[in-house]
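Engineer: Take this structure, written in structure tokens, and hold onto it; I'll ask about it next.
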Amino acid sequence: MALSALWADAGIQEAYARRSEFQLSESVKYFLDNLDRIGQLNYIPSRQDILFARKATKGIVEHDFVIKKIPFKMVDVGGQRSQRQKWFQCFDGITSILFMVSSSEYDQVLMEDRRTNRLVESMNIFETIVNNKLFLNVSIILFLNKTDLLVEKIRTVDIRKNFPEFRGDPRRLEDVQMFLVQSFRRKRRNRGKPLFHHFTTAVDTENIRFVFHAVKDTILQENLKDIMLQ
Numbered sequence: 018m019a020l021s022a023l024w025a026d027a028g029i030q031e032a033y034a035r036r037s038e039f040q041l042s043e044s045v046k047y048f049l050d051n052l053d054r055i056g057q058l059n060y061i062p063s064r065q066d067i068l069f070a071r072k073a074t075k076g077i078v079e080h081d082f083v084i085k086k087i088p089f090k091m092v093d094v095g096g097q098r099s100q101r102q103k104w105f106q107c108f109d110g111i112t113s114i115l116f117m118v119s120s121s122e123y124d125q126v127l128m129e130d131r132r133t134n135r136l137v138e139s140m141n142i143f144e145t146i147v148n149n150k151l152f153l154n155v156s157i158i159l160f161l162n163k164t165d166l167l168v169e170k171i172r173t174v175d176i177r178k179n180f181p182e183f184r185g186d187p188r189r190l191e192d193v194q195m196f197l198v199q200s201f202r203r204k205r206r207n208r209g210k211p212l213f214h215h216f217t218t219a220v221d222t223e224n225i226r227f228v229f230h231a232v233k234d235t236i237l238q239e240n241l242k243d244i245m246l247q
């Protein structure tokens, strides 16, 4: 297949190695690595294919689901700058905020302005949310997502180039993850407010299933505390 040959070309691979300079989807490598299978006439998307076929959230999307007979409503809001003015329409009566961050984007810039570091932008948004008086009694759970891509990236991209304050082994996953957690924790003005965190890989269904059960327990425990204090 011509596309497979093109993807195997040394020049294309060299260009892909510089992908942080471009606005490439993280799914590109997955689909190009699977071109021979996807190109078959009888191709049917696998569950993994569907998970990698990411589409950015635009607007406000509500999801109702049940975990162990307990109903939950999740309101998914777009993270792009153009979508943020819609956020406060969703914040009335919420019990928890799940703040999703791409942990592997420490060397990438926003699509909107091509200058602002994506991780810095996430930290700034998080700071406005975690310190907002509206969320004084709302539990905040930080999801540091894309652990699989972070594992791959720290092998070739030194986090100290973008975050010179990093202290630790830039090739050690645990050191980088701890630095990220502490960076977000420092954004809280009220250090007594609990901040729960999880390291996730959204395309790993078992990982997400485990995390969601843990999140369910956290939400229920925090809600019970609030009820007892009322």
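Okay, so the sequence shown: first residue is 18 according to the working numbering, each after it adds one. Using N, Cα and C, we set each Cβ at its ideal position, and we do this for glycine too. Since the model is a prediction, treat every value here as computed from it, not as a measurement.
1) Does DSSP classify PHE227 as helix, strand or coil?
2) What does the Cβ neighbour count give for LEU170, buried or exposed, with the cut at 16 atoms within 10 Å?
3) My assumption, with CB atoms under 8 Å, is that HIS215 sits in contact with ILE158. Please give the rounded CB distance.
4) Given 8 Å as the limit, is there contact between the segment 142-152 and the segment 172-183, that is, 3 or more CB pairs closer than that?
5) Excluding the 5 residues flanking LEU151 on each side, which residues of the same chain have their C-beta closer than 7 Å to its C-beta?
6) Could you tell me the boundaries of the beta strand (DSSP E) in which ILE67 lies?
7) From which residue to which residue does the beta strand (DSSP E) around LYS90 run?
8) Report the option in GLN125, SER200, MET140 whose CA atom is closest to the CA atom of ASN134.
9) Mind checking who PHE213 pairs with in its DSSP beta bridge?
10) Here's the rule I'm using: 16 or more other beta-carbon atoms within 10 Å means buried, otherwise exposed. How should LEU20 be labelled?
11) For ARG71, which residues from the same chain have a beta carbon less than 7 Å from its beta carbon, with the 5 sequence-adjacent residues on both sides left out?
12) Leaving out five residues on either side along the sequence, give the residues of the same chain with a beta carbon under 8 Å from the beta carbon of VAL228.
13) Using a Cβ-Cβ cutoff of less than 7 Å, which residues in the same chain neighbour SER330 once the five nearest sequence positions on both sides are dropped?
14) Give me the Cα-Cα distance between MET251 and GLN40, rounded to the nearest whole angstrom.
15) Any idea if SER63 is buried or exposed, counting beta-carbon neighbours within 10 angstroms, 16 or more meaning buried?
16) Take VAL220 and list the residues in its own chain whose beta-carbon comes closer than 8 Å to its own, dropping the five residues that flank it on each side.
17) Below 7 Å between beta carbons: does that hold for ILE114 and LYS233?
18) Counting along the chain, where does the alpha helix (DSSP H) carrying MET195 start and finish?
19) What's the gap between the Cα of MET140 and the Cα of PHE213?
20) Give the straight-line distance between the Cα atoms of ASP88 and PRO211, rounded to the nearest whole angstrom.
21) According to DSSP, LEU115 sits in a beta bridge with which residue or residues?
Structural biologist: According to the data block:
1) Residue state, collapsed to three classes: helix.
2) In the sequence under discussion, the amino acid at residue 170 is Lys, which differs from the Leu named in the question. So LYS170 counts as buried.
3) Contact flag correct, Cβ pair sits at about 7 Å.
4) Short answer: they don't touch.
5) Counting only Cβ-Cβ distances below 7 Å, and skipping sequence neighbours, we find PHE108.
6) Careful: ILE67 lies outside any beta strand (DSSP E), inside the alpha helix (DSSP H) at 64-69.
7) Note, LYS90: beta strand (DSSP E), 87-94.
8) Looking at the Cα atoms, GLN125 is the closest of the given residues.
9) Beta-bridge partners assigned by DSSP to PHE213: ILE158.
10) Residue environment: LEU20 is assigned as exposed (fewer than 16 neighbouring CB atoms within 10 Å of its CB, all protein chains considered).
11) These residues qualify, in order along the chain: SER42, SER44.
12) Around VAL228: PHE160, HIS215, THR217.
13) This structure cannot settle anything about residue 330, because the visible part of the chain is limited to 18 through 247.
14) Residue coverage of the chain in this structure runs from 18 to 247, which leaves residue 251 outside it and unanswerable.
15) So SER63 ends up on the exposed side.
16) So the list reads GLN65, LEU68, PHE69, ASP165, once near-sequence residues are dropped.
17) Going by C-beta atoms, ILE114 is not nearer than 7 Å to LYS233.
18) Unbroken alpha helix (DSSP H) run through MET195: 190-202.
19) C-alpha separation (whole angstroms): 15 Å.
20) According to the sequence as given, residue 88 is Pro; it is not Asp. So the two alpha carbons sit approximately 24 Å from each other.
21) Bridge partners of LEU115: ILE158.
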